[in-house]
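Visitor:
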Amino acid sequence: MAITRDNILTWLIAYINVVNANADELNRLDSALGDGDFGASMQRGVQAIGNKMQAIADKDIGTIFKTIGMALVSAMGGTSGPLLGTMFIQMGGKSAGKQVLTLAEWTETFQAGIEGIMMRGKAQVGDKTMLDALVPALESLKAADETDIVIALRQSAQAAKKGRDDTANIIAKKGRASYVGERGLGNIDPGAANAYLFLNTLAETLGMESTD
Amino acid sequence: MAITRDNILTWLIAYINVVNANADELNRLDSALGDGDFGASMQRGVQAIGNKMQAIADKDIGTIFKTIGMALVSAMGGTSGPLLGTMFIQMGGKSAGKQVLTLAEWTETFQAGIEGIMMRGKAQVGDKTMLDALVPALESLKAADETDIVIALRQSAQAAKKGRDDTANIIAKKGRASYVGERGLGNIDPGAANAYLFLNTLAETLGMESTD
Amino acid sequence: MKKLINKPEDVVVEAMRGIEAAHADLVKVYYEPNYIVRVDAPVVGKVALVSGGGAGHEPMHGGFVGMGMLDAAAPGAIFTSPTPDQMLEAAKAANGGAGVLFIVKNYTGDCMNFDMAAELARMEGIEVETVITNDDVAVLDSLYTAGRRGVGVTVLVEKIAGAAAEQHRSLAEIKAIAERVNANGRSMGVALTSCTVPHRGEPTFSLPDDEMELGIGIHGEPGRRRVKMAPVAEIVPLMVEPILSDLPFKAGDNVLAFVNGMGGTPNVELYIVYNELNQLLKSRGINITRNLVGSYITSLEMQGCSITLLKLDDELTVLWDAPVKTAALRWG
Amino acid sequence: MKKLINKPEDVVVEAMRGIEAAHADLVKVYYEPNYIVRVDAPVVGKVALVSGGGAGHEPMHGGFVGMGMLDAAAPGAIFTSPTPDQMLEAAKAANGGAGVLFIVKNYTGDCMNFDMAAELARMEGIEVETVITNDDVAVLDSLYTAGRRGVGVTVLVEKIAGAAAEQHRSLAEIKAIAERVNANGRSMGVALTSCTVPHRGEPTFSLPDDEMELGIGIHGEPGRRRVKMAPVAEIVPLMVEPILSDLPFKAGDNVLAFVNGMGGTPNVELYIVYNELNQLLKSRGINITRNLVGSYITSLEMQGCSITLLKLDDELTVLWDAPVKTAALRWG
Ligand SMILES: Nc1ncnc2c1ncn2[C@@H]1O[C@H](COP(=O)(O)OP(=O)(O)O)[C@@H](O)[C@H]1O
Ligand SMILES: Nc1ncnc2c1ncn2[C@@H]1O[C@H](COP(=O)(O)OP(=O)(O)O)[C@@H](O)[C@H]1O
Ligand SMILES: [Mg+2]
Ligand SMILES: [Mg+2]
Ligand SMILES: [Mg+2]
Ligand SMILES: [Mg+2]
Numbered sequence: 002m003a004i005t006r007d008n009i010l011t012w013l014i015a016y017i018n019v020v021n022a023n024a025d026e027l028n029r030l031d032s033a034l035g036d037g038d039f040g041a042s043m044q045r046g047v048q049a050i051g052n053k054m055q056a057i058a059d060k061d062i063g064t065i066f067k068t069i070g071m072a073l074v075s076a077m078g079g080t081s082g083p084l085l086g087t088m089f090i091q092m093g094g095k096s097a098g099k100q101v102l103t104l105a106e107w108t109e110t111f112q113a114g115i116e117g118i119m120m121r122g123k124a125q126v127g128d129k130t131m132l133d134a135l136v137p138a139l140e141s142l143k144a145a146d147e148t149d150i151v152i153a154l155r156q157s158a159q160a161a162k163k164g165r166d167d168t169a170n171i172i173a174k175k176g177r178a179s180y181v182g183e184r185g186l187g188n189i190d191p192g193a194a195n196a197y198l199f200l201n202t203l204a205e206t207l208g209m210e211s212t213d
Numbered sequence: 002m003a004i005t006r007d008n009i010l011t012w013l014i015a016y017i018n019v020v021n022a023n024a025d026e027l028n029r030l031d032s033a034l035g036d037g038d039f040g041a042s043m044q045r046g047v048q049a050i051g052n053k054m055q056a057i058a059d060k061d062i063g064t065i066f067k068t069i070g071m072a073l074v075s076a077m078g079g080t081s082g083p084l085l086g087t088m089f090i091q092m093g094g095k096s097a098g099k100q101v102l103t104l105a106e107w108t109e110t111f112q113a114g115i116e117g118i119m120m121r122g123k124a125q126v127g128d129k130t131m132l133d134a135l136v137p138a139l140e141s142l143k144a145a146d147e148t149d150i151v152i153a154l155r156q157s158a159q160a161a162k163k164g165r166d167d168t169a170n171i172i173a174k175k176g177r178a179s180y181v182g183e184r185g186l187g188n189i190d191p192g193a194a195n196a197y198l199f200l201n202t203l204a205e206t207l208g209m210e211s212t213d
Numbered sequence: 008m009k010k011l012i013n014k015p016e017d018v019v020v021e022a023m024r025g026i027e028a029a030h031a032d033l034v035k036v037y038y039e040p041n042y043i044v045r046v047d048a049p050v051v052g053k054v055a056l057v058s059g060g061g062a063g064h065e066p067m068h069g070g071f072v073g074m075g076m077l078d079a080a081a082p083g084a085i086f087t088s089p090t091p092d093q094m095l096e097a098a099k100a101a102n103g104g105a106g107v108l109f110i111v112k113n114y115t116g117d118c119m120n121f122d123m124a125a126e127l128a129r130m131e132g133i134e135v136e137t138v139i140t141n142d143d144v145a146v147l148d149s150l151y152t153a154g155r156r157g158v159g160v161t162v163l164v165e166k167i168a169g170a171a172a173e174q175h176r177s178l179a180e181i182k183a184i185a186e187r188v189n190a191n192g193r194s195m196g197v198a199l200t201s202c203t204v205p206h207r208g209e210p211t212f213s214l215p216d217d218e219m220e221l222g223i224g225i226h227g228e229p230g231r232r233r234v235k236m237a238p239v240a241e242i243v244p245l246m247v248e249p250i251l252s253d254l255p256f257k258a259g260d261n262v263l264a265f266v267n268g269m270g271g272t273p274n275v276e277l278y279i280v281y282n283e284l285n286q287l288l289k290s291r292g293i294n295i296t297r298n299l300v301g302s303y304i305t306s307l308e309m310q311g312c313s314i315t316l317l318k319l320d321d322e323l324t325v326l327w328d329a330p331v332k333t334a335a336l337r338w339g
Numbered sequence: 008m009k010k011l012i013n014k015p016e017d018v019v020v021e022a023m024r025g026i027e028a029a030h031a032d033l034v035k036v037y038y039e040p041n042y043i044v045r046v047d048a049p050v051v052g053k054v055a056l057v058s059g060g061g062a063g064h065e066p067m068h069g070g071f072v073g074m075g076m077l078d079a080a081a082p083g084a085i086f087t088s089p090t091p092d093q094m095l096e097a098a099k100a101a102n103g104g105a106g107v108l109f110i111v112k113n114y115t116g117d118c119m120n121f122d123m124a125a126e127l128a129r130m131e132g133i134e135v136e137t138v139i140t141n142d143d144v145a146v147l148d149s150l151y152t153a154g155r156r157g158v159g160v161t162v163l164v165e166k167i168a169g170a171a172a173e174q175h176r177s178l179a180e181i182k183a184i185a186e187r188v189n190a191n192g193r194s195m196g197v198a199l200t201s202c203t204v205p206h207r208g209e210p211t212f213s214l215p216d217d218e219m220e221l222g223i224g225i226h227g228e229p230g231r232r233r234v235k236m237a238p239v240a241e242i243v244p245l246m247v248e249p250i251l252s253d254l255p256f257k258a259g260d261n262v263l264a265f266v267n268g269m270g271g272t273p274n275v276e277l278y279i280v281y282n283e284l285n286q287l288l289k290s291r292g293i294n295i296t297r298n299l300v301g302s303y304i305t306s307l308e309m310q311g312c313s314i315t316l317l318k319l320d321d322e323l324t325v326l327w328d329a330p331v332k333t334a335a336l337r338w339g
């Protein structure tokens with residue numbers, strides 16, 4: 002089994018709904034550590050994804066990711082816009098021309114996206130950012146059993162969830178949360194929360210499609 | 002019995018304390034109908050009276066009232082400053098040169114003060130102002146038994162108190178309270194509340210002195 | 008109460024000291040009695056414009072002292088009109104021999120204190136005229152009441168009459184211009200929150216979270232009525248219709264539109280109000296040919312705004328455009 | 008939440024429409040992508056100053072577009088840095104052939120979006136340099152963190168670099184001046200209340216009635232610590248000491264003192280703060296030779312203020328005094 006172009010389009014549509022449903026919560030999380038706009042920025046982001054759905058409907062996976070990435074950069078602003086935009090653009094580069102991704106190919110693609118975030122944002126694991134959910138998810142994928150992609154994606158989402166929860170125990174070193182320092186302890190990072198939603202939606206999408 | 006120069010000085014000192022003790026309440030009353038400054042203005046007023054005590058210590062009643070009146074005009078501002086200042090200045094004119102006031106003389110003096118307020122402020126009884134306490138007090142004095150001045154002053158203060166309470170049932174026609182119109186019903190007028198304090202302090206001062 | 012102050016009773020004098028320190032190039036500041044005069048006062052041969060009123064409305068009036076606007080301003084205690092001796096000293100310091108125009112907002116206390124000051128000034132041989140502003144359509148005007156309140160139009164009177172005075176026109180002419188501005192201007196305000204008078208320490212009135220006070224005065228006096236909180240697209244018509252129908256303003260009129268912040272409302276909201284006002288007037292065929300957007304006549308930290316419309320003619324427009332150099336208004 | 012707005016998502020565009028309607032003599036306003044340019048842009052042969060940032064800080068930056076200050080400004084969503092294509096279009100519209108200076112407040116998002124815009128602009132053959140402001144002493148500076156925030160000094164950089172650009176000096180020179188202003192300026196803020204982000208609808212943080220947030224950022228980010236509410240005479244030293252010791256400022260220094268309101272604090276309180284600041288600096292032998300008092304870099308309706316001190320030399324003083332004609336700052 003592999004991730005098809007259609008899986009990815011389904012995933013993106015599902016993710017639009019997930020973000021809209023969680024926007025208030027993401028704003029709330031960002032109020033505690035930052036400036037309270039993360040949910041609103043994500044909503045502008047997924048609205049831009051929605052606006053591109055028609056244009057990408059018949060494109061290859063690389064083009065889909067790249068188009069989405071550029072749309073996010075143009076629509077979101079803030080810290081998360083360039084970072085998530087860069088992630089998608091880099092994922093698009095890695096998956097250029099592809100119609101399906103094997104688990105190994107998705108792992109490579111995802112890794113390229115994460116490297117894009119690190120290159121642009123200069124943060125490391127442990128800085129209390131989205132990376133603290135994304136990187137454990139990547140590690141999980143790398144260690145996964147090639148045979149069942151749905152299980153691998155679910156485990157990766159679970160790793161992201163744990164990473165998200167662990168951000169509560171970190172004193173932020175990057176982004177706006179770094180200004181609050183110790184006073185941010187006990188609060189999870191909104192970017193990490195979103196990373197989990199993103200990966201969990203992928204796992205659920207593939208899970209649904211495979212039981213069809 | 003009559004009101005002596007010394008009675009008046011004692012009265013003024015007592016009134017300073019009464020105003021300071023009631024300033025918050027006067028501000029509160031003025032918040033409901035106006036702009037919340039009446040207590041603070043009265044405090045500046047009695048502070049100015051205090052500052053004049055030495056200068057008036059050996060003066061006749063007319064000079065005492067006139068000096069106080071001019072001090073109030075210079076210290077208070079707002080609506081109450083010119084009105085109370087004018088009241089005292091006019092009372093000073095009527096009592097010029099006097100060392101004592103009989104009940105009849107006090108009644109005339111007080112009447113001159115009230116006429117000063119009416120001349121300056123162009124309000125009538127029933128407009129929901131200090132006049133609604135002052136004028137009933139004057140009427141009571143006019144009808145009083147000449148023989149017991151303390152009783153006459155007490156009755157006059159009681160008339161002011163009733164007048165004050167009745168202002169709750171009036172829709173204001175003058176001053177800032179006129180802007181709230183019907184919504185001011187149920188609230189007593191701060192200027193009337195102060196008028197009662199003023200006259201009651203006089204009655205109590207004379208009552209104390211006469212029982213000494 | 009949360010304010011950047013020391014003792015409530017020191018608010019006015021400490022703010023004056025701040026103005027004195029910040030604007031020594033524009034004004035001189037005097038204490039006991041308190042007043043502010045332009046740095047080059049008295050300007051010989053020029054009619055002097057003197058205003059004043061309770062403090063708590065800053066930058067009005069002290070921020071409007073300077074070339075092209077006021078010659079002097081007397082701040083009272085918070086929300087309390089100043090005393091006659093303040094205006095007397097201000098008038099004496101400002102008088103350049105051509106007479107003094109008192110600009111007075113129509114409140115009982117202001118009128119009485121300025122009246123007494125005018126009497127005293129005349130006794131000292133100073134020619135004094137008074138113009139009373141009363142532009143607030145929220146208050147029903149009547150001979151039997153205190154009448155309409157003076158609000159936003161006061162700023163426009165001070166600017167426009169100030170420009171006329173700068174041309175060394177006569178006291179009578181300047182008074183007539185000031186009265187023309189007042190007669191052609193109308194205002195209405197709305198409050199989202201109450202102000203808190205420092206010595207009182209608590210909000211003057213309490214508004215539920217979902218209500219606003221329509222027709223609010225600049226001293227926290229209640230307005231016409233409470234209405235449900237609503238989008239600006241609904242609030243602005245509630246403020247503007249009573250203004251338009253009162254004068255009335257008609258299609259083809261040229262107006263100065265003044266959107267004023269009450270002290271606690273940020274700049275960004277005022278421009279949203281201005282956008283709404285602009286669209287509404289456009290739909291009525293009324294032309295905004297001049298505008299002013301900012302917090303110029305405030306009510307301590309109250310959230311809310313007022314809208315003032317002034318019908319312009321060519322002369323008033325030229326006078327509005329004339330140079331002004333004060334702490335709060337500056338151009339040309 | 009009580010605000011004079013329509014829908015939260017329309018706040019920025021409606022405020023821009025208000026600015027467009029009110030200041031057509033000063034600026035042109037463009038939408039999708041959103042930016043504001045001075046009315047006579049591009050000014051041929053002049054270096055163009057382009058700034059931008061999240062909305063909610065008005066009048067910064069749109070109110071500073073005009074002669075002697077910014078050539079263009081790009082407002083993002085509320086508290087959200089604008090996107091690269093906004094700055095790209097703004098740079099293209101402002102570029103007069105002598106290059107573009109981006110003025111960027113040091114926040115992760117602002118730096119990244121401006122970086123991407125600079126890359127895109129260079130690809131289109133526009134020479135771009137960037138100056139980053141980071142004057143907030145409330146944040147400990149370190150290579151391993153996001154670094155200090157850019158706050159009040161940004162206004163001073165825009166004014167002073169804008170004056171230098173008006174003299175048609177080179178991009179390198181103007182960048183050096185902008186960096187000198189940033190290097191010689193320090194700021195610190197305090198909040199008495201939280202702001203409320205419109206789409207969030209609730210205060211970003213909650214402060215007890217008797218506490219304030221010392222070292223607050225302009226986006227409602229928490230500050231150094233909570234302290235008990237206190238008189239201004241105690242608050243001002245808490246803000247100023249970290250500023251004075253950081254640069255450090257010394258007796259005999261000439262400084263520009265900037266007392267800035269956070270949006271919900273009225274003018275009268277800012278002058279009380281200025282009075283306190285003036286006395287404190289006098290006692291240290293530091294001379295305030297220029298000042299600015301007003302709400303210029305705000306945080307929605309937050310109550311509070313910031314203090315910025317800038318060490319002045321003769322050149323910076325002359326540039327500060329040079330004429331400026333924008334919606335929010337105007338003189339000369
Ligand atoms: N340098 C960085 N690298 C990666 N992620 C970051 C970095 N800085 C911040 N983030 C992420 O961005 C999220 C906040 O995004 P956003 O609200 O758009 O930022 P802001 O409003 O501070 O500009 C944080 O929760 C964090 O996960
Ligand atoms: N025209 C008037 N004549 C007599 N008393 C008046 C008049 N107008 C107002 N008052 C009195 O003044 C009181 C308010 O005084 P003050 O607070 O100083 O006024 P303001 O703040 O409105 O200037 C009212 O309670 C009322 O008794
Ligand atoms: Mg954020
Ligand atoms: Mg009052
Ligand atoms: Mg008053
Ligand atoms: Mg942000």
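Protein chains in written order, with the numbering used here: chain A, 2 to 213; chain B, 2 to 213; chain C, 8 to 339; chain D, 8 to 339. Even for Gly, the Cβ is constructed at its ideal location relative to N, Cα and C. Fair warning: this is a prediction, and the values are worked out from it, not measured in the lab.
#1: Could you give the distance in angstroms between the alpha-carbon of V193(C) and the alpha-carbon of L254(C)?
#2: Which two residues bound the contiguous beta strand (DSSP E) that contains A81(D)?
#3: Which of the three DSSP states, helix, strand or coil, is assigned to D143(D)?
#4: Provide the residue span of the beta strand (DSSP E) that contains D144(A), from first to last.
#5: Between the alpha carbons of T202(A) and Q159(A), how many angstroms are there, rounded?
#6: Quick one, which of G52(D), G69(D), G116(D), H68(D) has its alpha-carbon nearest T90(D)'s?
#7: How would you list, in chain order, the residues of chain A whose beta-carbon sits under 8 Å from the beta-carbon of H30(D)?
#8: What's the gap between the Cα of D213(B) and the Cα of G79(B)?
#9: Tell me whether the beta-carbon of E96(C) lies closer than 7 Å to the beta-carbon of P49(C).
#10: List, in order along the chain, the chain D residues whose C-beta lies closer than 9 Å to that of Q310(C)?
#11: Tell me which same chain residues have a C-beta within less than 8 Å of the C-beta of D166(B), skipping the five on either side of it?
#12: Please identify, using Cβ separations under 7 Å, the residues of the segment 124-154 of chain D that lie next to chain A, in order along the chain.
#13: Please tell me whether S223(B) and S42(B) are closer than 7 Å, where the distance is taken between their beta carbons.
#14: Given a cut-off of 7 Å on the beta-carbon distance, is the pair L4(D) and A334(D) in contact?
#15: Does the Cβ of R29(A) lie closer than 6 Å to at least one heavy atom of ligand 1?
#16: At least one CB of chain D closer than 7 Å to the CB of I314(C): is that the case?
#17: Name the two residues that bound the continuous beta strand (DSSP E) containing M195(C).
#18: From the DSSP output, in three-state form, read off F111(B) for me.
Guide: A quick look at the data gives this:
#1: Checking the sequence, you will find Arg at residue 193(C) rather than Val. Cα to Cα, R193(C) sits roughly 7 Å from L254(C).
#2: 79-85
#3: strand
#4: The sequence given here places Ala at residue 144(A); Asp does not occur at that position. Run containing A144(A): none; DSSP gives neither H nor E here.
#5: 12 Å
#6: G116(D)
#7: Near H30(D) there are no residues of chain A at all, since even the closest Cβ is about 24 Å away, more than 8 Å.
#8: Its pLDDT being 44, under 50, D213(B) is placed unreliably in this model, and the value from its coordinates should be taken loosely. Just so you know, the alpha carbons of D213(B) and G79(B) end up roughly 39 Å apart.
#9: no
#10: K9, K10, L11, G271, E308
#11: I189
#12: V146, Y151, T152, A153
#13: This structure cannot speak to residue 223(B), because chain B is shown only from 2 to 213.
#14: What is shown of chain D runs 8 to 339, which leaves residue 4(D) out entirely.
#15: no
#16: no
#17: Per DSSP, M195(C) belongs to the beta strand (DSSP E) from 192-198.
#18: helix
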